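**Q** So that we are looking at the same thing, I have put the structure below in structure tokens.
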């Protein structure tokens, strides 16, 4: 039985087990129909031309992990940004881990999707926001059909959240292969401000496929700073579908750090529903072996006087492959749009490759849109400069890679997080530079 | 200190250096002058170990040891320093952190422990004063947004920190105003000792008013075609290079 067949046939059994608002039942039923019709994307689709899910889908995934698994904090501490106080929403094999978490209902909601989907007090929010911006494609529909658990965050008007929120999904590998489908809903109300750090981490080499959907709503003048750390094991694959719906004068930034995993696909979509909105997406990808990272971004400029900034850096070694597909749509009404897109890549080996494709669809006439992509090698004269100062080849190369990705690092607003990312990069490059960048 | 014998070097099969002979002893300052494209910067790069150049013949001896097979960093560890004509910008890495890495990597290569932070700071303070460098400058990203003069001053600051045996200054005077030139030259003069040597590569005699050479060599078409004392630099300044070319081509 193919994974698709398995999922479709297990849907009914799943639906019976979860007690949710009746409107959600309808959404799920609709979604499984869509998935049944669409299936998993294939390379025949333009947006999936350079990323094949074939090998990833061949595994016999367990769709509902059977065991309740426990992890001790000391064993996974290193995956937390533990130097800072934070709210924590932690999952183990798709199930909420209360002993590792720190949620709250005190002045803001940092809790669970399963609560939000079932408790009457959240019904209005769910009715207003749930599945309102997630795409109706096969993968997101699959997630919607099985949506049950994940992070639910609701920040009330004028609330500046005093500490970051960490969302971590652990997989224990206690089942031979597991499919996880976290569903997150984040609502940031007028003038509120929040920082979120998200990570998916498997703890063994058993295969994991995560098909995650996150819907983020930033209301008027809200600020969201979202960081994704993708540094998973070689056996783990991630399809991240993130949708950001912005209202006027809001500011949403998503940073994606892709350093590991077998296959990573980021579908990151911004919809600007208001004036003077700023959407920023930045990323650093450093991969090797046969790893594959695909950034598929969309910014939909719908109203006038808005901005979008995209800056993705990629470093590819060995037989690693990368894709950057950045789409910017500027509607006729969206005059005075400023849209910038940059994708710079360094290929460290003859076998590494990157496919980069900017797509600009501009229907307004008074706009500033720019895009640029580069693919090159490390600058030999810069290497010589560093080495002539006594810095060995490996360290010199690392310094240049840091320099190359510096402007993305610079906009990380949590110093401890920045420090951690620097250390992950240094470890990946096998260097100890003796100072924190 | 440095002995170059019949050095031939090429890049992409194009011969640039065509038989250089040069001996530089400890305590000496040598100036290498010559028209554009004569091979001056190539000579500097080949001594410092730039891999794009292939040495096809001859040898480079540093204190009697053939360094031709050594990587650039290994030559640096042995005391070779090149002040670049065009220093490279490294965003995100401060001057201070860069120097720490360079010094500690050199110490590591010699089997020494990292320099204690306190000593490092003291050294940075002393050497930056020598080159009249503002402390704020040291926390800026290496060469990023530096003016031409700041870049060159920073090169000599690095030289002061690394205390090389053999320093090669490649067109350090280009892009410098008279004040910066004075500061740079003053720095170099203070670093000079009987135990180290300096090779100054320049187009013009102006830097040599400040860093006075013991010997002046004229490089033309990949060879040293004339050598003399410091008065040769004045003669070149007054007469240009055409008479040299005529002499060689005659």
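Residue numbers (full-length UniProt numbering), protein chains in the order written: chain E, 1 to 437; chain B, 1 to 250. Virtual Cβ for every residue (Gly too), placed ideally from N, Cα, C. Computed from a predicted structure; not experimentally measured.
Determine the closest residue to residue 72(B) out of 391(E), 119(E) and 139(E), with distance taken between C-alpha atoms.
**A** Position 72 of the second chain holds residue 72(B). Checked all of 391(E), 119(E) and 139(E); the closest Cα to residue 72(B) is 391(E).
**Q** Check residue 188(B) in the structure and name its three-state DSSP category.
**A** Here residue 188(B) refers to the residue found at position 188 when the second chain is read from its first residue. Helix, per DSSP.
**Q** Could you pull the DSSP bridge partners for residue 222(E) from this structure?
**A** Here residue 222(E) refers to the residue found at position 222 of the first chain. Note: residue 222(E) sits in no beta bridge, so no partner.
**Q** Which whole-angstrom value is the C-beta distance of residue 134(E) and residue 32(E), which I expect to be below 8 Å?
**A** Here residue 134(E) refers to the residue found at position 134 of the first chain. Here residue 32(E) refers to the residue found at position 32 of the first chain. That belief does not hold up - the Cβ atoms of residue 134(E) and residue 32(E) are roughly 14 Å apart, past 8 Å.
**Q** Quick check on residue 84(B) - is its C-beta less than 8 Å from some C-beta in chain E?
**A** Within the second chain, numbered from 1, the residue matching residue 84(B) stands at position 84. True, the Cβ-Cβ gap to chain E drops below 8 Å.
**Q** How big is the Cα-Cα spacing for residue 320(E) and residue 291(E)?
**A** Counting from 1 along the first chain, the entry for residue 320(E) is found at position 320. Counting from 1 along the first chain, the entry for residue 291(E) is found at position 291. If I take the Cα positions, the gap works out to 5 Å.
**Q** Is residue 162(B) close to chain E? Criterion is C-beta to C-beta, closer than 8 Å.
**A** In the second chain, residue 162(B) corresponds to position 162, counting from 1. Chain E contact via Cβ: present.
**Q** Would the stretch 218-232 of chain B and the stretch 47-64 of chain B be scored as touching if the rule is three or more Cβ pairs under 8 Å?
**A** Output reads no: the stretch 47-64 of chain B does not touch the stretch 218-232 of chain B.
**Q** Under 8 Å Cβ to Cβ from residue 176(B), same chain only, skipping five residues before and after it: list those, please.
**A** Stepping through the second chain from its first residue, residue 176(B) is reached at position 176. Around residue 176(B): 148, 149, 152 and 184.
**Q** Residues in its own chain within less than 7 Å of residue 76(B) by CB, not counting five upstream and five downstream?
**A** Residue mapping note: residue 76(B) aligns to position 76 of the second chain, counting from 1. Closer than 7 Å at the Cβ level, and outside the excluded window around residue 76(B), lie 106.
**Q** By a C-beta neighbour count over all protein chains shown, 10 Å radius and 16 as the cutoff for buried, is residue 37(E) buried or exposed?
**A** Residue 37(E) sits at position 37 when you count from the first residue of the first chain. Label assigned to residue 37(E): exposed.
**Q** Go ahead and label residue 30(B) buried or exposed: buried means 16 or more other beta carbons lie within 10 angstroms of its beta carbon, across all protein chains shown.
**A** In the second chain, the residue the question calls residue 30(B) occupies position 30. Buried is the call here.
**Q** Anything in the stretch 386-415 of chain E with a Cβ closer than 9 Å to a Cβ of chain B? List those residues in chain order, please.
**A** Result list: 386, 387, 388, 389, 390, 391, 392, 393, 395, 396, 399, 400, 402, 403, 404, 405, 406, 407, 409 and 410.
**Q** Using CA atoms only, rank isn't needed, just tell me which of 344(E), 30(E), 123(E) and 77(E) is closest to residue 140(E).
**A** Position 140 of the first chain, counting from 1, holds the residue named residue 140(E). Comparing Cα-Cα distances from residue 140(E) to each of 344(E), 30(E), 123(E) and 77(E), the minimum goes to 30(E).
**Q** In chain E, which residues lie less than 7 Å from residue 175(B) when you measure between Cβ atoms?
**A** Here the question's residue 175(B) lines up with position 175 in the second chain. Neighbours of residue 175(B) on chain E: none; closest Cβ ~17 Å, over 7 Å.
**Q** List the residues that DSSP assigns as beta-bridge partners of residue 32(B).
**A** Position 32 of the second chain, counted from the first residue, corresponds to residue 32(B). Looking at the DSSP assignment, residue 32(B) forms a beta bridge with 201(B) and 217(B).
**Q** Listing by chain order, which chain B residues have their CB less than 8 Å from the CB of residue 38(E)?
**A** The sequence position of residue 38(E) within the first chain is 38, counting from 1. Simply none; closest approach about 43 Å.
**Q** Taking residue 358(E) as part of the beta strand (DSSP E), name the residues at either end of that continuous run.
**A** Here residue 358(E) refers to the residue found at position 358 when the first chain is read from its first residue. Note, residue 358(E): beta strand (DSSP E), 353-362.
**Q** Which residues bound the alpha helix (DSSP H) around residue 181(E)?
**A** Against the first chain, residue 181(E) aligns to sequence position 181. Counting along the chain, residue 181(E) falls outside any alpha helix (DSSP H), and DSSP gives it neither H nor E.
**Q** Using the rule of at least 16 other Cβ atoms within 10 Å of the residue's Cβ for burial, across every protein chain shown, is residue 252(E) buried or exposed?
**A** Start at 1 with the first residue of the first chain, and residue 252(E) comes out as number 252. The residue is buried, with at least 16 neighbouring Cβ atoms inside 10 Å.
**Q** Would residue 126(E) and residue 117(E) be called neighbours here (beta carbons separated by less than 8 Å)?
**A** As a working mapping, residue 126(E) is identified with position 126 in the first chain. As a working mapping, residue 117(E) is identified with position 117 in the first chain. Yes, the pair counts as a contact, with Cβ atoms nearer than the cut-off.
**Q** Going by the DSSP bridge assignment, what does residue 215(E) pair with across the sheet?
**A** Locating residue 215(E) in the first chain gives position 215, counting from the first residue. DSSP lists 185(E) and 243(E) as partners of residue 215(E).
**Q** Can you list, in chain order, the stretches of the beta strand (DSSP E) that have 3 or more residues and sit fully within the stretch 2-72 of chain B?
**A** As far as the stretch 2-72 of chain B is concerned, its whole beta strand (DSSP E) runs of at least 3 residues are 2-11, 14-24, 29-33 and 54-62.
**Q** How long is the line joining the alpha carbons of residue 429(E) and residue 147(E), rounded to whole angstroms?
**A** Stepping through the first chain from its first residue, residue 429(E) is reached at position 429. Stepping through the first chain from its first residue, residue 147(E) is reached at position 147. Rounded to the nearest angstrom, the two C-alpha atoms are 38 Å apart.
**Q** Does DSSP classify residue 156(B) as helix, strand or coil?
**A** Residue mapping note: residue 156(B) aligns to position 156 of the second chain, counting from 1. Three-state result, residue 156(B): helix.
**Q** So, are the CB atoms of residue 445(E) and residue 254(E) less than 8 Å apart?
**A** A query on residue 445(E) cannot be resolved here, the shown segment of chain E reaching from 1 to 437 and no further.
**Q** Would you call the stretch 112-128 of chain B and the stretch 11-29 of chain B touching, i.e. three or more CB-CB distances under 8 Å?
**A** No, they do not touch.
**Q** According to DSSP, is residue 289(E) part of a helix, a strand, or is it coil?
**A** Reading the first chain from its first residue, position 289 is the one you call residue 289(E). Residue 289(E): coil per DSSP, three-state reduction.
**Q** Which of the three DSSP states is assigned to residue 239(B) in this structure?
**A** Position 239 of the second chain, counted from the start, is the residue given in the question as residue 239(B). Note: residue 239(B) maps to helix in three-state DSSP.
**Q** For residue 95(E), tell me which candidate among 335(E), 70(E) and 361(E) has the shortest Cα-Cα distance.
**A** To locate residue 95(E), count along the first chain from 1; it is residue 95. Here the closest residue by C-alpha is 70(E).
**Q** Could you pull out every unbroken beta strand (DSSP E) segment of at least 3 residues lying fully inside the stretch 89-145 of chain E, listed in chain order?
**A** DSSP runs (the beta strand (DSSP E)) wholly in the stretch 89-145 of chain E: 109-112.
**Q** Who are the neighbours of residue 259(E) on chain B, taking C-beta pairs under 9 Å?
**A** The residue labelled residue 259(E) in the question sits at position 259 within the first chain. Correct list: empty, because the minimum Cβ distance to chain B is about 17 Å.
**Q** Applying a beta-carbon distance threshold of less than 7 Å, which residues of chain E neighbour residue 47(B)?
**A** Numbered from 1 along the second chain, position 47 holds the residue referred to as residue 47(B). Under the 7 Å cutoff, chain E gives no residues; its nearest Cβ is about 10 Å from residue 47(B).
**Q** DSSP puts residue 170(B) in a beta bridge; with which residues?
**A** In the second chain, counting from the first residue as 1, residue 170(B) sits at position 170. Paired residue(s): 201(B).
**Q** Which chain B residues sit within Cβ distance under 7 Å of residue 381(E)?
**A** On the first chain, position 381 is the one that residue 381(E) refers to. In chain order: 88.
**Q** Give a yes or no on whether 8 Å exceeds the smallest Cβ distance from residue 68(B) to chain E.
**A** As a position in the second chain, residue 68(B) is number 68, starting the count at 1. Residue 68(B) does not count as touching chain E.
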